[in-house]
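Inspection log for the structure reproduced underneath, given as structure tokens.
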Amino acid sequence: MSIKMDNLIKMAYRKWKGASVKILQDHPQEETIVAFLNGRLSQIDAKRLEDHLIGCQSCVEAVEVQIRLSRGTDLVNFAPEELKSWAKNLVMAQNNAVLEIILKLKGKVWEVLSTNGDILLGQELVPALVLRSRKKENFKDEVTILKDFKDIRVEIKIENRADGIFDLIVMARDKHTQRAIKDLRFSLIRGELELESYFADSGKITFEHVLLGRYTVEISNLNDKLASILLDIKT
Amino acid sequence: MDDLEFVRSCAKGDKRSWDEFVDKYSRLIYNYIHSTLKIKGYSFSPENISDIFQDIFLLLTKDDFKKLKSFQGRNKCSLASWLRQVTVNFTLDSIRRIKPLVSINEEDESGFSLEDVLSDSSEPLSERLSREEKLGQLQDCIERLDTDDKYFLELYLERGLSLEELRGHLRLSRGAIDMRKSRIIEKLKKCFQSKGFALDL
Numbered sequence: 000m001s002i003k004m005d006n007l008i009k010m011a012y013r014k015w016k017g018a019s020v021k022i023l024q025d026h027p028q029e030e031t032i033v034a035f036l037n038g039r040l041s042q043i044d045a046k047r048l049e050d051h052l053i054g055c056q057s058c059v060e061a062v063e064v065q066i067r068l069s070r071g072t073d074l075v076n077f078a079p080e081e082l083k084s085w086a087k088n089l090v091m092a093q094n095n096a097v098l099e100i101i102l103k104l105k106g107k108v109w110e111v112l113s114t115n116g117d118i119l120l121g122q123e124l125v126p127a128l129v130l131r132s133r134k135k136e137n138f139k140d141e142v143t144i145l146k147d148f149k150d151i152r153v154e155i156k157i158e159n160r161a162d163g164i165f166d167l168i169v170m171a172r173d174k175h176t177q178r179a180i181k182d183l184r185f186s187l188i189r190g191e192l193e194l195e196s197y198f199a200d201s202g203k204i205t206f207e208h209v210l211l212g213r214y215t216v217e218i219s220n221l222n223d224k225l226a227s228i229l230l231d232i233k234t
Numbered sequence: 000m001d002d003l004e005f006v007r008s009c010a011k012g013d014k015r016s017w018d019e020f021v022d023k024y025s026r027l028i029y030n031y032i033h034s035t036l037k038i039k040g041y042s043f044s045p046e047n048i049s050d051i052f053q054d055i056f057l058l059l060t061k062d063d064f065k066k067l068k069s070f071q072g073r074n075k076c077s078l079a080s081w082l083r084q085v086t087v088n089f090t091l092d093s094i095r096r097i098k099p100l101v102s103i104n105e106e107d108e109s110g111f112s113l114e115d116v117l118s119d120s121s122e123p124l125s126e127r128l129s130r131e132e133k134l135g136q137l138q139d140c141i142e143r144l145d146t147d148d149k150y151f152l153e154l155y156l157e158r159g160l161s162l163e164e165l166r167g168h169l170r171l172s173r174g175a176i177d178m179r180k181s182r183i184i185e186k187l188k189k190c191f192q193s194k195g196f197a198l199d200l
């Protein structure tokens with residue numbers, strides 16, 4: 000096609016799309032698209048999918064990217080170890096052995112992006128989903144999150160100090176009696192590196208002047224790891 | 000262990016399987032995020048890739064591994080291919096959340112917009128009307144094309160894929176892909192002629 004012809008047909012095609020194609024809700028599953036790209040769909044299913052792709056900006060864009068990528072990708076990057084160890088811990092989060100907290104700092108305000116703990120709202124403890132439904136995801140200066148583990152209740156307060164610096168106050172109590180537990184070890188870890196580690200008789204520790212980033216806080220007694228907190232603080 | 004058994008074992012919360020999953024597929028996911036952002040011409044930092052990487056892993060594991068469990072290996076789909084597609088889809092969604100959608104009146108790469116053509120004030124009214132009518136008739140001819148041909152136009156004209164890229168995707172020889180393109184133009188020309196116009200540019 001000449002450039003002029005291309006443009007005329009393109010404009011007419013866009014007009015046709017604008018007038019004829021309906022917004023589609025039911026998107027094909029990833030496996031269907033993979034089968035289509037690999038030429039493994041039946042003719043009928045392939046035609047049905049093509050019909051969908053013509054009308055669906057997001058699905059056809061995904062196909063377009065896959066076609067372009069199939070001509071070779073520069074697979075040279077390794078996923079950073081820090082990210083891999085974070086991902087490995089997710090299974091523990093699924094098994095309820097991890098408190099996961101993702102926060103965003105906007106000036107002096109904390110936005111709770113996601114957590115599997117309960118957030119302290121006034122005198123009430125509420126899950127993240129409820130927080131969202133009440134449109135109260137933002138906290139000025141500090142946010143406190145709690146979670147019950149097998150034996151202990153962990154409370155973590157994240158306090159804003161200055162731009163991009165915060166304090167982390169971690170407290171662990173006996174889940175049933177609410178008494179402080181002696182001889183607990185609290186460790187602040189970034190990636191594979193242990194930054195700070197303390198024993199605390201009071202069951203409470205403050206990590207001061209922490210920078211934004213991804214951390215793991217581990218709480219253990221002399222024999223076992225009792226809780227892990229995955230913390231991701233972004234701006 | 001095949002892919003399906005492996006996924007089931009991960010979804011049961013088996014730590015060893017999950018560690019293996021992370022070791023085996025982190026690089027693939029990380030690279031596909033990187034390549035998708037690059038292909039879409041989106042400027043990004045390593046933090047952007049890390050954020051999307053984490054969100055994909057959260058997607059795979061949340062609600063008791065609901066997304067990961069949706070992998071069924073149908074049509075001989077491998078876990079790696081499935082993860083590639085999940086990664087591409089998710090990365091594109093992430094871009095869309097940040098970048099507003101392109102308006103239909105926005106200029107394309109060639110500098111043309113539909114508005115330019117339809118409301119070119121330097122064009123005499125009669126010519127503009129005739130051009131609009133032509134576009135309308137051509138639109139009608141496009142409607143009459145087969146799905147295969149419309150899909151070709153979508154990829155070639157709208158998505159800007161080259162004939163070489165299309166050749167691989169449609170599993171056609173160089174000659175056959177040229178033939179396919181010519182056949183579509185011929186169909187449009189014939190249809191246009193039957194409406195009393197000529198498509199000679």
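Here the protein sequences line up with chains A and B, keeping their order. So the first sequence is numbered by numbering that gives the first Met the number 0: it starts at 0 and just counts up by one. So the second sequence is numbered by numbering that gives the first Met the number 0: it starts at 0 and just counts up by one. For every residue, glycine included, the Cβ atom is placed at its ideal position computed from N, Cα and C. A quick note: this is a predicted structure, and the numbers were derived from the prediction, not measured.
How long is the line joining the alpha carbons of A/Gln177 and B/Gln84, rounded to whole angstroms?
When rounded, the distance between both Cα atoms is 48 angstroms.
Answer yes or no: do B/Asp148 and B/Ile183 have a C-beta to C-beta separation smaller than 8 angstroms?
Yes, the pair counts as a contact, with Cβ atoms nearer than the cut-off.
With three or more C-beta pairs closer than 8 angstroms as the rule, is the stretch 151-169 of chain A touching the stretch 216-230 of chain A?
Output reads yes: the stretch 151-169 of chain A touches the stretch 216-230 of chain A.
Along the chain, where does the beta strand (DSSP E) containing A/Pro126 start, and where does it finish?
123-126 is the extent of the beta strand (DSSP E) around A/Pro126.
Can you pull the chain A residues whose beta carbon is under 7 angstroms from the beta carbon of B/Cys76, in chain order?
Per Cβ cutoff of 7 angstroms: Glu30, Val33, Ala34.
I want to verify the contact list: residues of chain B whose CB lies under 9 angstroms from the CB of A/Met207, in sequence order.
This sequence places Glu at residue 207 of chain A; Met is not what is there. Simply none; closest approach about 24 angstroms.
Which whole-angstrom value describes the C-beta separation of A/Lys135 and A/Leu120, a residue pair presumed to lie in contact below a C-beta threshold of 8 angstroms?
A/Lys135 to A/Leu120, Cβ: 6 angstroms. Contact.
Please determine, among B/Phe43, B/Phe5, B/Glu164, B/Leu137, the residue with the shortest C-alpha to C-alpha distance to B/Leu67.
Out of B/Phe43, B/Phe5, B/Glu164, B/Leu137, B/Phe5 has the C-alpha closest to the C-alpha of B/Leu67.
Please report how far the alpha carbon of A/Asn76 lies from the alpha carbon of A/Leu221, in whole angstroms.
In a straight line, the C-alpha of A/Asn76 is about 40 angstroms away from that of A/Leu221.
Closer than 9 angstroms, Cβ to Cβ, to anything on chain A: give me those residues from the stretch 38-58 of chain B, in chain order.
Per Cβ criterion, the list reads Ile38, Lys39, Pro45, Glu46, Ile48, Ser49, Asp50, Phe52, Gln53, Phe56, Leu57.
Name the DSSP bridge partner or partners of A/Val111?
DSSP, once it has assigned bridges, lists A/Leu102 as partnering A/Val111.
Answer yes if the stretch 50-57 of chain A comes into contact with the stretch 11-26 of chain A, meaning at least three C-beta pairs across the two stretches below 8 angstroms, and no otherwise.
The stretch 11-26 of chain A is in contact with the stretch 50-57 of chain A.
How long is the line joining the alpha carbons of B/Ser16 and A/Lys87, rounded to whole angstroms?
Using only the alpha carbons, I get a separation of about 10 angstroms.
When we look at the beta-carbon of B/Gln53 and count the other beta-carbons within 10 Å, is it buried (16 or more) or exposed?
The residue is buried, with at least 16 neighbouring Cβ atoms inside 10 Å.
Below 7 angstroms on C-beta distance, what does B/Ile141 contact in chain A?
Under the 7 angstroms cutoff, chain A gives Ala11, Tyr12, Trp15.
Using the beta-carbon of each residue, which ones in chain A are nearer than 9 angstroms to B/Leu134?
What B/Leu134 touches in chain A: Leu7, Met10, Ala11, Lys14.
Could you tell me the alpha carbon to alpha carbon distance between B/Leu160 and B/Lys11, rounded to whole angstroms?
Approximately 42 angstroms between the Cα atoms of the pair.
If distances are taken between C-alpha atoms only, which option among A/Ser196, A/Arg189, A/Leu192 comes closest to A/Leu183?
For A/Leu183, the nearest C-alpha among the options comes from A/Ser196.
For A/Arg152 and chain B, any beta-carbon pair shorter than 8 angstroms?
No, A/Arg152 does not count as interfacial toward chain B.
Quick one: what's A/Ala199 bridged to in DSSP?
Beta-bridge pairing links A/Ala199 to A/Leu183.
For B/Ile48 and B/Ile32, which I take to be in contact (beta-carbon distance under 8 angstroms), what is that distance rounded to the nearest angstrom?
Indeed they touch by this definition, with Cβ atoms about 5 angstroms apart.
Whole angstroms is fine: what's the gap from A/Leu192's alpha carbon to A/Glu81's?
Between A/Leu192 and A/Glu81, the C-alpha separation is close to 9 angstroms.
Check whether chain B comes within 8 angstroms of A/Trp85, counting only Cβ atoms and requiring the distance to be less than that.
It does; some Cβ of chain B falls within 8 angstroms.
For A/Ala199, which residues in chain B fall below 7 angstroms Cβ to Cβ?
What A/Ala199 touches in chain B: nothing, since even the nearest Cβ is about 28 angstroms away.
State the Cα-Cα distance for the pair B/Ile28 and A/Gly116, rounded to the nearest angstrom.
Going from the Cα of B/Ile28 to the Cα of A/Gly116 covers about 28 angstroms.
Taking the alpha helix (DSSP H) that B/Tyr41 falls in, what are its first and last residues?
Segment: none, B/Tyr41 is in no alpha helix (DSSP H) and carries neither H nor E.
Select from the stretch 158-177 of chain A all residues with a C-beta closer than 9 angstroms to any C-beta belonging to chain B, and list them in chain order.
Within the stretch 158-177 of chain A, no residue has a Cβ that lies closer than 9 angstroms to any Cβ of chain B.
Roughly how many whole angstroms lie between the Cα atoms of A/Gln28 and A/Tyr12?
About 27 angstroms.
Applying a beta-carbon distance threshold of less than 8 angstroms, which residues of chain A neighbour B/Glu185?
Going along chain A, no residue has its Cβ under 8 angstroms from B/Glu185, so there is no contact; the nearest lies around 11 angstroms.
Less than 8 angstroms between CB atoms is the rule here; does B/Ser118 satisfy it with respect to chain A?
Confidence at B/Ser118 is low in this model, with a pLDDT of 46, below 50, so the placement of that residue is unreliable and no value is reported for it.
Kindly confirm or deny that the stretch 32-46 of chain A and the stretch 90-98 of chain B touch, where touching means at least three C-beta pairs closer than 8 angstroms.
In short, these stretches do not touch, since the Cβ pair count stays below three.
Against chain B, does A/Leu98 count as a neighbour if the rule is that its beta carbon must be under 8 angstroms from one of theirs?
Taking Cβ atoms only, chain B never reaches closer than 8 angstroms to A/Leu98, which makes this a no.
Using only CA atoms, which one of A/Leu7, A/Lys83, A/Phe198 lies nearest to B/Arg26?
Comparing Cα positions, the closest option is A/Lys83.
Given a cut-off of 8 angstroms, decide if B/Asp2 and B/Ser77 are closer than it, judged by their beta-carbon atoms.
It is a contact, given that the beta carbons lie within the stated cut-off.
DSSP three-state call for A/Ala78: helix, strand or coil?
Coil at A/Ala78, not helix or strand.
Looking only at its own chain, which residues have a Cβ that is under 6 angstroms from the Cβ of B/Phe43, when we skip the five neighbours before and after it?
Once the five neighbours on either side are set aside, the close Cβ partners of B/Phe43 are Leu36.
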